[in-house]
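Under this note's numbering, the very last position in the sequence shown is 1434; numbers go up by exactly one each time.
Report on the following structure.
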Amino acid sequence: MIRFAPWALCAIALCSLAHAQEPEFERTLQQIQRDTQERTQKQLPAGDRALIDYGGYLTLGYLSFDDSNHDNHGLRQYELVGYARLNLDGAHEFYARGRADYRDYNSGDSFENQPSTLAGRVEEGWYRFDLQRYASAYQGRTIQGDLTVKAGRQFVEWGNGLTLDQYADGIAGEARYGPFVLDALAAVTVKETIDFDTSRPDFDHNTHRGFYGARLTVPVGRHNPYAYVLFQRDYNRPERLDAHVIPTRYDYNSYYAGIGSNGALTDNLAYGAEFCYEGGRTLSNSFDPTSLQPVNQTDNHIEAYAADLRFDYLPNDRRRTRFTLEGIIASGDNDRVSSSSTFGGDSPHSVDRGFNSLGVLYAGLAFTPTVSNLMVLRAGASTYPIPDGRFFRGMQVGTDIFVFGKTNRDAPIDEPTSDSRYLGTEPDVFVNWAITEDVTLAVRYGIFFPGQAIPSGNQDHIRQFFYAAVTYAF
961 MIRFAPWALC
971 AIALCSLAHA
981 QEPEFERTLQ
991 QIQRDTQERT
1001 QKQLPAGDRA
1011 LIDYGGYLTL
1021 GYLSFDDSNH
1031 DNHGLRQYEL
1041 VGYARLNLDG
1051 AHEFYARGRA
1061 DYRDYNSGDS
1071 FENQPSTLAG
1081 RVEEGWYRFD
1091 LQRYASAYQG
1101 RTIQGDLTVK
1111 AGRQFVEWGN
1121 GLTLDQYADG
1131 IAGEARYGPF
1141 VLDALAAVTV
1151 KETIDFDTSR
1161 PDFDHNTHRG
1171 FYGARLTVPV
1181 GRHNPYAYVL
1191 FQRDYNRPER
1201 LDAHVIPTRY
1211 DYNSYYAGIG
1221 SNGALTDNLA
1231 YGAEFCYEGG
1241 RTLSNSFDPT
1251 SLQPVNQTDN
1261 HIEAYAADLR
1271 FDYLPNDRRR
1281 TRFTLEGIIA
1291 SGDNDRVSSS
1301 STFGGDSPHS
1311 VDRGFNSLGV
1321 LYAGLAFTPT
1331 VSNLMVLRAG
1341 ASTYPIPDGR
1351 FFRGMQVGTD
1361 IFVFGKTNRD
1371 APIDEPTSDS
1381 RYLGTEPDVF
1391 VNWAITEDVT
1401 LAVRYGIFFP
1411 GQAIPSGNQD
1421 HIRQFFYAAV
1431 TYAF
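Take a look at the structure:
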């Protein structure tokens, strides 16, 4: 790891932290929103999901969390989500979902002194065509295999989420013939996507990256092995930008080649495994970390990797108990000051080994690190403790325990650390309670205990995260 002058490292660290707080918060909030959406849709009666389906839900929530500067933020959030679906003979499907939310921060708690805001957006809006059902419904014939095409704004999940797990605008296709399933994707990020390069100007509301790839799956018994390649192209402004004291250019173009499998090992044991290699080219850092003097940026190779392995044990009891064990690892680069940024990134004339993607893997509530130069071990359990109770039978409780470390002890993560490997431990607990068919309660609490790699190294500098919300579906 490059040895920095203390004042130089402090200056870079403060710059990185100023940009990093909001992405951490947004990643956690997006995960909670997806959980709420999934739970709400599962509660809809089957009769409500026929040819014409419409509805929505209202969520009233409160969130309190500590950031890596040990500052607490409090937020009341009100979300209104509406959706509509039209399905014609199974061949044509139209879907749209919009979200409006109002964020009401406690005084002085918003990021960069932003005021409380009311915002709305089209979260999904797509058309899906199914060739096999079209031939059956309109031509009265049966064809071998199938071809489906979905066009518009949609949620794209690539593999286990190591590479891509975001909303995107574009076209996704799936071709089936015999046991073979071929997926193809051509899409661009939704403009408001928070970029992994937090040093880039407008990274939190003006992101333009393209994704083009294919994935082949061949089911074998209970197993679904797959292989994929995905190309990411940087369509953000390529010209020199003076967002920092030192002029910095940005251009990060990568590809991801991965293999994986998911399925069941026994009637009670499910699994998911994936390994991903990242290659491509990126522009190097724009300054010397020791002297803070400008340097010429070079075009560097990317050679990075990440892997995820998860086991779920389901006893198949009436309490729907589940036990989970998961391990995540991603490579890091000891030339970097920041794990994912160009400003403070890879040294000139070197190989960038820091893994970056737009994937999202669950890595806790309070710490929420990006999956770069990271090792995570997660053990979790959940159950419905009172399955026969009239009032509490829809209540699920659970816990996850995380242990965090750095893959390369000399390389950075997305906040300042020392050369130690151990980042810390975090226990999380949650409650999902379907009180009625229309009303659910969600509670999340996590507490992060920093390890030796966190500069404070002080157990008093714990970080807490609390979220509680009531959702009404209509």
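Where is the CB? At the ideal position from N, CA and C, for every residue including glycine.
Predicted model, so just to flag it, every value in this text is computed and none were measured.
Neighbourhood of residue i by C-beta distance below 6 Å, restricted to the same chain and skipping five residues each side
| i | result |
| --- | --- |
| G1239 | Y1215, I1262 |
| Q1412 | S1380, Y1382 |
| E1442 | Here the chain has residues from 961 to 1434 only, and residue 1442 is not among them. |
| D942 | There is simply no residue 942 to check, as the chain begins at 961 and stops at 1434 in what is shown. |
| G1042 | G1016, G1058 |
| Y1212 | D1194, T1242 |
| D1259 | R1241 |
| T1377 | A1413 |
| Y1344 | R1279, R1280, Q1356 |
| S1024 | G1034, F1426 |
| V1403 | V1391, A1428 |
| G1232 | N1120, N1222, R1270 |
For residue i: DSSP bridge partner residues
| i | result |
| --- | --- |
| I1012 | L1046 |
| N1222 | N1184, G1232 |
| G1080 | A1060 |
| F913 | Because the chain is modelled from 961 through 1434, residue 913 falls outside the range shown and cannot be assessed. |
| A1146 | I1131, Y1172 |
| T1019 | E1039, T1431 |
| P1387 | I1361 |
| V1320 | Paired residue(s): none; V1320 is not in a bridge. |
| G1034 | S1024 |
| Q1356 | N1392 |
| R1067 | The identity of residue 1067 in the sequence shown is Ser, whereas the question assumes Arg. Its beta-bridge partners do not exist; DSSP assigns none. |
| T1123 | According to DSSP, which records beta bridges pairwise, T1123 is partnered with nothing at all. |
| Y1094 | Answer is none; Y1094 lacks a bridge partner. |
| A1266 | C1236, A1290 |
| Q1114 | A1128 |
| N1260 | T1242 |
| I1285 | The sequence shown places Leu at residue 1285, rather than the Ile named in the question. Answer is F1271, A1339, bridged to L1285. |
Residue i classed as buried or exposed, judged by whether at least 16 other C-beta atoms fall within 10 angstroms
| i | result |
| --- | --- |
| K1110 | buried |
| E1117 | exposed |
| L1251 | Reading off the sequence, residue 1251 comes out as Ser, not Leu. Flag for S1251 reads exposed. |
| Q1137 | According to the sequence provided, residue 1137 is Tyr. The question's Gln does not apply to it. Exposed, by the Cβ-count rule. |
| Y1055 | buried |
| L1145 | buried |
| N1120 | buried |
| S1244 | buried |
| I1103 | exposed |
| V1336 | buried |
| T1226 | exposed |
| R1009 | Low per-residue confidence applies at R1009: pLDDT is 41, beneath 50, and the placement is therefore not dependable enough to give any value. |
| G1340 | buried |
| L1124 | buried |
| Q1192 | buried |
| Y1188 | buried |
| T1431 | buried |
| P1275 | exposed |
| P1005 | Unreliable placement is indicated for P1005, whose pLDDT of 47 sits below 50; the coordinate value is still reported in the next sentence. The residue is exposed, with fewer than 16 neighbouring Cβ atoms inside 10 Å. |
Alpha-carbon to alpha-carbon, residue j and residue i
| i | j | result |
| --- | --- | --- |
| L1011 | F1089 | 15 Å |
| S1317 | F1352 | 40 Å |
| G1358 | H1030 | 27 Å |
| V1178 | G1223 | 12 Å |
| E1397 | L1142 | 38 Å |
| Y1322 | V1389 | 14 Å |
| R1045 | T1019 | 21 Å |
| S1342 | N1392 | 10 Å |
| Y1065 | A1135 | 47 Å |
| N1228 | D1277 | 10 Å |
| Y1038 | F1425 | 18 Å |
| R1175 | G1068 | 47 Å |
| I1154 | G1349 | 43 Å |
| Y1062 | F1364 | 33 Å |
| S1076 | G1021 | 15 Å |
| T1167 | T1302 | 15 Å |
| H1421 | D1027 | 10 Å |
| A1060 | G1181 | 44 Å |
| V1399 | I992 | 17 Å |
| L1091 | D1106 | 6 Å |
| A1132 | F1140 | 17 Å |
Same chain, Cβ closer than 8 Å to residue i, neighbours up to 5 away in sequence not counted
| i | result |
| --- | --- |
| G1113 | The sequence given here places Arg at residue 1113; Gly does not occur at that position. Around R1113: V1082, E1083, E1084, G1085, W1086, Y1127, A1128, D1129, V1150. |
| F1362 | A1323, G1324, F1327, V1336, L1337, R1338, T1385, E1386, P1387, D1388 |
Neighbourhood of residue i by C-beta, 7 Å cutoff - its chain only, sequence neighbours within 5 removed
| i | result |
| --- | --- |
| V1255 | S1246, F1247, D1248, P1308 |
| V1297 | I972, P1249, G1304, P1372 |
The segment 1048-1055 / the segment 1090-1102 touching (three or more Cβ pairs under 8 Å): yes
Segment contact flag, the segment 1357-1376 with the segment 1282-1293, C-beta cutoff 8 Å, min 3 pairs: yes
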